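Heads up: the structure comes next, in structure tokens.
Protein chains: 2
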Amino acid sequence: MKYSRSEENYLKAIFHLQQAGSRGVSTNDIAEAMETKASSVTDMIKKLAAKDLVNYVKYQGVSLTESGRSTAIMVIRKHRLWEVFLVNKLDFPWDKVHDIAEQLEHIKSEELVTKLEAFLDYPSVDPHGDPIPDQHGNFKQTQKRLLVKCDLNEKYLCVGVKDSSSEFLRFLDKKHINIGSNITVLSKEEFDDSMQIQVDDQKHFISKKIAENIYVSAQ
Amino acid sequence: MKYSRSEENYLKAIFHLQQAGSRGVSTNDIAEAMETKASSVTDMIKKLAAKDLVNYVKYQGVSLTESGRSTAIMVIRKHRLWEVFLVNKLDFPWDKVHDIAEQLEHIKSEELVTKLEAFLDYPSVDPHGDPIPDQHGNFKQTQKRLLVKCDLNEKYLCVGVKDSSSEFLRFLDKKHINIGSNITVLSKEEFDDSMQIQVDDQKHFISKKIAENIYVSAQ
DNA sequence: CTTTTTATTTAGCTTTGCCTAAAAATTGTT
DNA sequence: AACAATTTTTAGGCAAAGCTAAATAAAAAG
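For the protein sequence lines, the chains are W and U, in the order given.
Each residue of the first sequence is one higher than the one before, starting from 0 at the first, in numbering that gives the first Met the number 0.
Each residue of the second sequence is one higher than the one before, starting from 0 at the first, in numbering that gives the first Met the number 0.
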């Protein structure tokens with residue numbers, strides 16, 4: 000069964016919103032995420048519900064059905080595989096790949112995804128540290144946490160970012176903070192939650208806003 | 000300036016038709032090539048004319064403007080580069096890449112094409128032997144000719160195919176006829192234009208229909 | 001427990017790209 | 001030249017995906 004580009008984008012957005020908050024996803028949230036109007040969202044939701052991709056009760060938001068969830072995951076799988084291709088093979092900087100992957104993720108061909116994945120050597124995460132689902136849709140949610148909530152003097156591994164904007168990613172590049180960097184929080188300012196951190200062998204001061212957008216895992 | 004997928008497909012079809020016959024391209028020809036109806040073609044032609052992509056006089060067919068031609072060539076460039084990627088990097092057989100390349104050719108990103116081309120090492124032809132335009136739209140039309148029109152006992156180089164259907168390409172694979180194979184016409188049957196040919200170190204009998212779909216160049 | 005605010009849905013309109021059926025122009029044939 | 005056949009265009013409609021504005025439901029506030 001095949002879905003339109005727009006349907007796939009809605010499913011993806013709903014999936015991401017569902018991951019964030021555990022509640023049913025509201026029309027307005029979807030509208031904001033997709034940069035569209037609530038009325039357009041209602042229209043599309045009805046179509047998705049008719050195709051059994053979402054559970055929908057008027058005025059009560061939506062949740063993905065099994066079928067909707069797996070469709071969303073397959074789109075995300077493609078998106079992340081293409082991001083790996085763009086960064087690892089074509090040498091794109093990691094902050095420039097999102098828009099292109101947004102287009103590539105809608106290419107329809109099972110075989111293409113399978114062969115691309117093999118060509119890339121079965122990567123488990125994309126350039127931003129997000130896990131890549133396998134062909135059955137399975138992926139392990141790394142138990143990552145935001146740097147802002149980390150303990151002092153523990154060694155962490157940078158595993159991903161929350162904000163994927165070019166501005167933020169370029170900031171990280173400038174500070175040599177990459178996926179895989181070792182990070183330790185050396186001190187924390189109670190007043191504004193800014194902190195001094197050690198990244199591999201360099202020390203930096205970063206604001207709360209930065210620390211809120213870096214994911215790390217204990218190591 | 001950006002054009003829709005549909006507009007790009009029309010421009011591409013018109014370009015190919017224009018290459019084939021030198022006359023202005025007719026509405027019906029476009030409709031047949033695009034597997035759509037003549038009335039739809041008229042609609043689209045008007046839009047393309049309004050955007051100065053084609054020259055259009057009612058009832059007299061169309062021809063591409065400079066802008067239309069270069070847009071078409073850029074789509075063809077992308078199509079052929081992606082075909083090379085699919086065959087050389089992802090190991091697709093050459094008869095399976097067309098449909099996927101039809102999708103990939105519409106991905107919008109100058110940078111992607113540039114980087115893809117470099118990654119593929121600036122190929123000059125696609126897997127079917129068709130030339131790949133450079134970033135300025137230049138490409139040399141190889142002075143190829145159909146095998147059916149070749150002289151006896153001359154050495155030729157297989158440079159492309161006219162028919163790109165899976166059936167035909169698989170036939171060629173079976174006979175080990177590839178782009179780059181050496182071909183010599185050993186004998187020709189006047190009655191039905193069938194011929195005996197030497198392909199590298201193998202001999203085959205082929206019908207007129209086969210010989211009409213293989214392009215060679217003198218060597 | 002009303003009232004106000006906010007969220008959601010409905011109604012109706014727009015554009016793109018396609019369709020069918022009918023009209024008009026062109027081309028081919030006596 | 002006049003009729004027939006073919007090609008092309010027009011007219012009117014449809015589905016997808018979006019929009020604005022108005023109506024309605026739910027949530028928040030008094």
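Glycine included, every Cβ here is placed at the ideal spot set by N, Cα and C.
Keep in mind that this is a model prediction, so the values were computed, not measured.
Report, in whole angstroms, the separation of the C-beta atoms of residue i and residue j, which I expect to be a contact under 8 Å.
i: glycine 159 (chain W); j: lysine 143 (chain W); result: 6 Å
i: glutamine 218 (chain U); j: lysine 154 (chain U); result: 6 Å
i: serine 165 (chain W); j: aspartate 94 (chain W); result: 4 Å
i: alanine 12 (chain U); j: methionine 33 (chain U); result: 5 Å
i: glycine 23 (chain U); j: leucine 47 (chain U); result: Not really, about 14 Å apart at Cβ, beyond 8 Å.
i: serine 216 (chain U); j: glycine 136 (chain U); result: The pair is not a contact, with the Cβ atoms about 23 Å apart (cut-off 8 Å).
i: alanine 71 (chain W); j: phenylalanine 14 (chain W); result: 4 Å
i: leucine 185 (chain W); j: isoleucine 196 (chain W); result: 6 Å
i: glutamine 140 (chain W); j: proline 130 (chain W); result: 7 Å
i: serine 163 (chain W); j: histidine 127 (chain W); result: 6 Å
i: asparagine 152 (chain W); j: threonine 113 (chain W); result: Asparagine 152 (chain W) to threonine 113 (chain W), Cβ: 45 Å. No contact.
i: leucine 89 (chain W); j: leucine 115 (chain U); result: 6 Å
i: valine 56 (chain W); j: isoleucine 44 (chain W); result: Going by Cβ atoms, the distance from valine 56 (chain W) to isoleucine 44 (chain W) rounds to 11 Å, so no, they are not a contact pair.
i: valine 74 (chain U); j: glutamate 7 (chain U); result: 5 Å
i: tyrosine 58 (chain U); j: isoleucine 29 (chain U); result: With 8 Å as the limit, tyrosine 58 (chain U) and isoleucine 29 (chain U) do not qualify as a contact, their Cβ atoms being about 14 Å apart.
Grab the span of the beta strand (DSSP E) containing residue i for me, first residue to last.
i: tyrosine 121 (chain U); result: Run containing tyrosine 121 (chain U): none; DSSP gives neither H nor E here.
i: leucine 185 (chain U); result: 181-187
i: lysine 161 (chain U); result: No beta strand (DSSP E) contains lysine 161 (chain U), which DSSP labels as neither H nor E.
Which first and last residues belong to the alpha helix (DSSP H) in which residue i is found?
i: asparagine 27 (chain W); result: 26-33
i: phenylalanine 138 (chain W); result: Here phenylalanine 138 (chain W) belongs to no alpha helix (DSSP H), and DSSP marks it neither H nor E.
i: leucine 168 (chain U); result: 165-173
i: glutamine 195 (chain U); result: From DSSP, glutamine 195 (chain U) is part of no alpha helix (DSSP H) but of the beta strand (DSSP E) over 194-198.
i: isoleucine 176 (chain W); result: Here isoleucine 176 (chain W) belongs to no alpha helix (DSSP H), and DSSP marks it neither H nor E.
i: histidine 105 (chain U); result: Run containing histidine 105 (chain U): none; DSSP gives neither H nor E here.
Any heavy atom of the ligand PLP closer than 8 Å to the CB of residue i?
i: tryptophan 93 (chain W); result: Ligands in the displayed structure: none, and consequently the ligand PLP is not present.
List the residues that DSSP assigns as beta-bridge partners of residue i.
i: alanine 12 (chain W); result: Its beta-bridge partners do not exist; DSSP assigns none.
i: valine 53 (chain U); result: U:Leu63
i: phenylalanine 204 (chain W); result: W:Gln195
i: isoleucine 213 (chain W); result: W:Val160
i: lysine 154 (chain W); result: W:Thr183
i: proline 92 (chain W); result: Partner(s): none; proline 92 (chain W) has no beta bridge.
i: leucine 145 (chain W); result: W:Tyr214
i: proline 130 (chain U); result: U:Val124
query: Between the region 102-122 of chain W and the region 61-68 of chain W, are three or more C-beta pairs nearer than 8 Å?
result: no
query: On the three-pair Cβ rule with 8 Å, is the region 14-24 of chain U touching the region 79-89 of chain U?
result: no
task: Please confirm if the region 114-127 of chain U is in contact with the region 69-80 of chain U, defined as three or more CB-CB distances below 8 Å between the two stretches.
output: yes
- prompt: Taking one C-beta from the region 205-214 of chain W and one from the region 144-152 of chain W each time, how about it: are there three or more such pairs within less than 8 Å?
  reply: yes
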